[in-house]
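**Student:** Protein chains in written order, with our numbering: chain P, 1081 to 1702; chain V, 6 to 268. For glycine and all other residues, C-beta sits at the position ideal for the given N, C-alpha and C.
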Amino acid sequence: MSANAAGLSGVDTANRQRRRIAPPVIRGLLWAAIGFLVFNTLVSQVIDRQPYDPFVTRVSATVGWAAAVIGWLLGVGAWEVIVRPFFGHPVEWDIPNDWRRYFMFSTDHKVVGLQYIFTTTGSFLLAGLAAMMMRMELMNAKLWVFTNPGAYLTTVGIHGTVMMFSVGTVALVGGFANYFIPLMMGSNSSAYPRMSGLSHWLLPAGIATVFLSPLLGQWTTGWRAYAPLSGQDPSGIVFYYLGVFAMTTSSLLVAINLTATIIFNRAPGLTWNRLPMFGWGILAVSLLTIIWVPEIQMTFIISLLNLIVPFSLFEQTGSPLTYMESFWLFGHPEVYIIVVPAFALWQEIIPVMGQKTLFARQWGVLGLVFVMLFSGLVWAHHMFTNMRNSEMLPFSFFTEMISIPTGFSYLVVLGTLWGARLKFSTPTLFVLMSMFNFLIGGITGVLLADPVINLQTHDTFFVLSHFHYTVIGSMVFTWLAAAYYWLPKLSGRMYNETLGKLGAIWVFIAFNSAFGQMFFVGLRGMNRWVAVYPQYLQNMNFSISMFAFLLGLGFLFNFVHITWMWNKGKPVGQNPWNGKTLEWFGTPKPGIATFSPLPHVETGFYDYSENTPPTPSPPKRM
Amino acid sequence: MIDILLFAFFWLIATLLGEWGVHAMEARGLYYSAATSQALDGEKAVAFILTMLVPVIAFVVVMLIYTAIRFRSRKSLQFRDNKVFIGIWVLFSIALNILFFVHPSASALEQMFNNEEARLNRHDLIVNVTARQWEWIFSYPQYGIQTAEDSNGNSTLYLPVNQNVRFVLRSYDPYHTYDPNGAVIHDFWIPAFGLKQDIIPGETRLEYVHTNKITSYDVDPMVRVQCAEVCGPGHPFMEAPVHVVSSSDFMKWVQAQRKLEAS
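1) With DSSP run on the structure shown, which of helix, strand or coil describes P:Ile1376?
2) For V:His191, tell me which candidate among P:Leu1401, P:Ala1422, P:Thr1289 has the shortest Cα-Cα distance.
3) Counting only Cβ pairs nearer than 9 angstroms, list the residues of chain P close to V:Asp192.
4) Tell me whether P:Gly1361 is buried or exposed, calling it buried when 16 or more other Cβ atoms sit within 10 Å of its Cβ.
5) Scan the segment 1225-1276 of chain P and note each continuous alpha helix (DSSP H) run of 4 residues or more that stays entirely inside, going in chain order.
6) Measuring straight from C-alpha to C-alpha, what distance separates P:Lys1581 and P:Val1493?
7) If we define contact as Cβ-Cβ less than 9 angstroms, is V:Phe15 a contact residue for chain P?
8) Report yes if the C-beta distance between P:Ser1505 and P:Glu1577 is below 9 angstroms; otherwise report no.
9) Looking at the structure shown, is V:Glu31 part of a helix, part of a strand, or coil, going by DSSP?
10) Using beta carbons (cut-off 9 angstroms, strictly below), is P:Thr1683 in contact with chain V?
11) Could you tell me which of V:Ala13, V:Ala188, V:Ile150, V:Tyr148 sits nearest to V:Gln1, measuring between CA atoms?
12) With a threshold of 16 other CB atoms inside 10 Å of the CB of P:Val1126, please say whether the residue is buried or exposed.
13) Examine the Cβ distances between the segment 1335-1346 of chain P and the segment 1375-1389 of chain P and report whether three or more of them are shorter than 8 angstroms.
14) Between P:Leu1528 and P:Trp1646, is the Cβ-Cβ spacing less than 9 angstroms?
15) Would you call V:Ile93 buried or exposed, if buried means 16 or more other Cβ atoms sit within 10 Å of its Cβ?
16) Just grab the DSSP bridge partners of V:Ser176 for me.
17) At least one CB of chain V closer than 9 angstroms to the CB of P:Glu1471: is that the case?
18) Would you report the Cα separation of P:Tyr1196 and P:Ala1257, rounded to the nearest angstrom?
19) Rounded to whole angstroms, what is the Cα-Cα separation between V:Ile62 and P:Ala1147?
20) Where does P:Lys1190 land, buried or exposed, given buried means 16+ other C-beta within 10 angstroms?
21) Ignoring anything shorter than 3 residues, give me the beta strand (DSSP E) runs that lie fully in the segment 1545-1592 of chain P, in order along the chain.
22) What residues of chain P sit near V:Met117, judged by a beta carbon separation below 7 angstroms?
23) How about V:Met256: is its C-beta nearer than 9 angstroms to some C-beta of chain P?
24) Looking at the C-beta of V:Ser42, does it have a partner C-beta in chain P at a distance below 9 angstroms?
25) Report all residues from its chain with a CB closer than 7 angstroms to the CB of V:Leu11; omit the five preceding and five following residues, and keep chain order.
26) Any C-beta of chain V sitting closer than 9 angstroms to the C-beta of P:Asp1188?
27) Span of the beta strand (DSSP E) holding V:Trp194?
28) Opposite V:His248 in the DSSP bridges: which residues?
29) From the DSSP output, which residues share a beta bridge with V:Ile131?
30) Should P:Arg1138 be flagged as near chain V, meaning a C-beta pair shorter than 9 angstroms?
31) Check the Cβ of V:Lys201 against every Cβ in chain P and list those closer than 8 angstroms, keeping chain order.
32) What are the residues that DSSP puts in a beta bridge with V:Leu21?
33) What in chain P is Cβ-close to V:Ala272, meaning under 7 angstroms?
34) Looking at the secondary structure, which residues open and close the beta strand (DSSP E) in which P:Leu1527 lies?
35) Does V:His240 have its Cβ less than 9 angstroms from a Cβ in chain P?
36) Starting from P:Val1640, follow the alpha helix (DSSP H) in both directions and report where the run begins and ends.
The following block contains the structure:
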């Protein structure tokens, strides 16, 4: 049915069922391997053959990788769904109505959303494991887990890159927004379903590339890949650039798709004035992505060429600062790409849980939009230690000012909480915790915006803790809030309230104990990117590591709980929280059109005063 | 009404507790160890911002806890607007941010720029700092010291107390000058000095401090030079002990260094 919605109806089913192909993921892997081998060999042995070169060189790995990703995308289904129809062939793509649909190209936004959710969760666990290894190393002031500091730094780089580009940027946007934005807009499909199907499969390719980067050699730069150091390391950095290219392209396609969905696929009556807060958040974040992701992609392509041609654009004879500036020009908006959907979700979940009219809605929207607009004006605060003095004041000014629109999200939620009939459920708890954590992240952000303080805390664990408060503390906590909040919609089942609260309190205590101490260890002189550090910091680091392990186990506990309840939880009705946004009124199953007929929206979604009619009024035929 | 009064009461209590906590931390030293006037300026800025922000933090935290406990399964109070509350919130957040920009951001930065004014720095001790992978090299052109080393050949930094010091920072490898692209970005940081400066290959950058306390790496591990910008696998090992000594001890050390270099 969803396939029909996306325009993928086959002509004769009987004929198609005779066509047998290998499982798409297996076929994709095979085609990727063939692509890599053929093109790598062609480049390193035929076109660009140099004496004493190994079989895989930087150039051949780049070309081979591009062929491998194309092979992979074609293999998982782009061949049947995109390429052949482009040349006029009928679409021959059967999507079985069971678990197999998650392992192949799909144009159903719910399937794509779930694929993103699974992939993101998997990469979160793997990159989290990297973090656990780092914390284990840091339990001792001497090297004891890793055999050399370069291996530690490579782990740091992989952890940061995957968490940034496959969890932070993707979890709420590629995952929950792909699933819920079309539902909230009252639409049966996203605007560009085929592009959406393609976008997900770039993500595992990118994740795998980054995790496999040690095959090409260590890279010690961390996720920022500062030149000229990036040019000195062995070649692992090549797979960093390529992997990030795949992951950011995935995010870019999602952003284009969701922007178009919000603009063009709204149900009749869903005017801009009635757009749900999550819709505003995703619109803001998608525009940010569309503006800034191409910028970082160009920067990384230039850096890659700088490395493999090679040029010396960013070395001493070029301009090292140019790379840093190009990087942070994207690097700061990235922070808001991560956190704006979280702000929007607070304003989405709290009115439902409080059964209370959303307070000062227009200020909430203003806040989201102004955070988006300001985010391009603050980036150079990452560079107070290396910029001209005259540049410090304007960037310090805008960095402090961005806390004003950020504060509007708090204004809205606190106003909504006041006098509410709050249901103290797990999602509520996670949202409140997330707000507390972002408050700490924001307060330390005000400190960091002050240049004189920044010159001391820059590049220490103080900064490290600050941005983990904004990313884990607010975005990951809100991610879990959203997972519990929408679990009844995703699975038709309810989680266990006691276990959910236990999980929330567990991660909250572990998170604050681990990262709270990091502020102090940073002020005491713990700098970043060190596997080995002075002895006097060992006790504090040991304690941080213990709570970090507890935090890792806490996340695992929440994921196991959610997965378990997904299959075995108590079945619940369509709308257990009594929410008013459209997703609560559609059919929850993937593979089936949500709304038939389309709903007709007659009021906003956040009015809980008693005389308001229920939104949407019983669907009318168009 | 009772809710507002109760909330205000808890807010007041939390604010008082918070201010007490901030001042206890301030008394102990927010930077743990501060051996220059620049570090003291930084500490003052942190203390000022935290003191001003404690009521704000207390407001949000008490609000989160209070509403979560108090407003449960009663009849809800429906309203979508409160012009007075929103007005106060918006104006107050703008005012607070402008205050922080004026003081301490701009005021402390002006102080820092003044430290760097050439006319105020005629009698500075000049230390040329060269960063290479992975070593600090300190030389004192005014005293003819090429590489300041202890008797084991490890780089060491000696500074006289109550003196303006101008660090001239460069990143290149003096032992491999045939490779113009060999240098990477480093960061010159002495944790107890309260500031740091990136060292960019191809640029000469300056950092000014005014030492105000006799101390050394032997008594305080924060008195060390530490590279703070990742510069490869050797990054954690790129550190050197610092000694801030009286001016007579400094002159004794200069004589000893000269003798060491002559030998």
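**Tutor:** On the basis of the data shown:
1) In the three-state reduction of the DSSP assignment, P:Ile1376 falls in the helix class, which pools H, G and I.
2) For V:His191, the nearest C-alpha among the options comes from P:Leu1401.
3) Those within 9 angstroms of V:Asp192 in chain P are Thr1465, Asn1466, His1538, Asp1539, Asn1607.
4) Buried, because 16 or more other Cβ atoms sit within 10 Å of the Cβ of P:Gly1361.
5) DSSP runs (the alpha helix (DSSP H)) wholly in the segment 1225-1276 of chain P: 1229-1242, 1258-1264.
6) Spanning the two alpha carbons is a distance of roughly 21 angstroms.
7) Not closer than 9 angstroms to any Cβ of chain P, the Cβ of V:Phe15 fails to qualify, so no.
8) The Cβ atoms of P:Ser1505 and P:Glu1577 lie closer than 9 angstroms to each other.
9) Of the three classes helix, strand and coil, the one that applies to V:Glu31 here is helix, per DSSP.
10) At least 9 angstroms separates the CB of P:Thr1683 from every CB of chain V.
11) This structure does not reach residue 1 of chain V, given that chain V is present from 6 up to 268, and the question cannot be answered.
12) The residue is exposed, with fewer than 16 neighbouring Cβ atoms inside 10 Å.
13) Judged by Cβ distances under 8 angstroms, the segment 1335-1346 of chain P makes no contact with the segment 1375-1389 of chain P, as fewer than three pairs qualify.
14) When the beta-carbon positions are compared, P:Leu1528 and P:Trp1646 stay at least 9 angstroms from each other.
15) V:Ile93 is exposed by the Cβ-count criterion.
16) DSSP lists V:Ala136 as partners of V:Ser176.
17) Closer than 9 angstroms: no.
18) Near 10 angstroms, if we compare the C-alpha coordinates of P:Ala1257 and P:Tyr1196.
19) Each residue's alpha carbon lies about 53 angstroms from the other.
20) It is buried - the Cβ of P:Lys1190 has at least 16 other Cβ atoms within 10 Å.
21) Runs of the beta strand (DSSP E) inside the segment 1545-1592 of chain P: none found.
22) Result: Val1532.
23) Not an interface residue.
24) For V:Ser42, the answer is no, since every Cβ of chain P falls outside 9 angstroms of its Cβ.
25) None.
26) Among the residues facing chain V, P:Asp1188 is not included, as its CB has no counterpart in that chain under 9 angstroms away.
27) First-last of the beta strand (DSSP E) with V:Trp194: 191-195.
28) Residue pairing by DSSP puts V:His248 in a beta bridge opposite V:Tyr163, V:Ser221.
29) Here V:Ile131 is bridged, per DSSP, to V:Arg171.
30) For P:Arg1138, the nearest beta carbon of chain V is not closer than 9 angstroms to its own beta carbon.
31) Under the 8 angstroms cutoff, chain P gives Thr1465, Leu1535, Gln1536, His1538, Asp1539.
32) Residue pairing by DSSP places V:Leu21 opposite no residue, since no beta bridge is assigned to it.
33) Because chain V in this structure spans residues 6 to 268, residue 272 of chain V falls outside the shown range and cannot be described.
34) Note, P:Leu1527: premise wrong, no beta strand (DSSP E); alpha helix (DSSP H) at 1506-1529.
35) For V:His240, the nearest CB of chain P lies under 9 angstroms from its own CB, placing it at the interface with that chain.
36) It spans 1618-1648 - the alpha helix (DSSP H) in which P:Val1640 sits, taken as one unbroken run.
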